[in-house]
Amino acid sequence: MAETGITVKSGEGMTRVQVTCGHQSGLIYVVPASRSWVCSEALIPAHALAGFFRELVALKLGPVAELMQDWGIYYRQLPLAADENSEESIESTDASNS
């Protein structure tokens, strides 16, 4: 078991995320699906989990929000690397024009 209790194992066509501590233990399976076709096989787990949490939070369902809060799980979407680079380019262009 990993120090954090989270072990990620990638295999052919599937990634397993084992979450284990002294009180809980479970396995999350991530497999290719209709919404993960845009990523390479290696990045499907990241794409699927980020997309799942983004959409789950966007539902703005009270019971889901309460459950996440009860477990201390929060999700915040981050800008993509391409978006960050675009913003940096705009900022540096603005600064050089001043």
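Positions in the sequence shown are counted from 1; adding 54 to them yields the working numbering.
Positions of the beta carbon are idealized from the N, C-alpha and C atoms, including for glycine.
Bear in mind the structure is a predicted one, so any value in this text is a computation, not a measurement.
Terminal residues of the beta strand (DSSP E) in which residue i lies
i          : result
residue 84 : 79 to 84
residue 72 : 68 to 74
Beta-carbon spacing of residue i, residue j below 9 Å
i           : j           : result
residue 65  : residue 73  : no
residue 90  : residue 98  : yes
residue 84  : residue 102 : yes
residue 100 : residue 131 : no
residue 110 : residue 129 : yes
Any chain B beta carbon closer than 9 Å to residue i
i          : result
residue 95 : The chain inventory of the structure shown lacks chain B, comprising one protein chain alone.
Limits of the unbroken alpha helix (DSSP H) element including residue i
i           : result
residue 13  : No answer is possible for residue 13: it lies beyond the span of the chain, which begins at 55 and ends at 152.
residue 110 : 98 to 112
residue 57  : Segment: none, residue 57 is in no alpha helix (DSSP H) and carries neither H nor E.
residue 123 : 116 to 125
Cβ shell of residue i (< 8 Å), same chain only, five flanking positions each side left out
i          : result
residue 68 : 83, 84, 85
Residue i Cβ short of 8 Å to the ligand GTP heavy atom set
i           : result
residue 133 : What this structure holds is no ligand at all, so the ligand GTP is not there to describe.
Cut-off 7 Å between Cβ atoms - residues of its own chain near residue i, not counting five sequence neighbours on either side
i           : result
residue 147 : Its pLDDT being 48, under 50, residue 147 is placed unreliably in this model, and the value from its coordinates should be taken loosely. Same-chain partners within the cutoff: there are none.
residue 122 : 128
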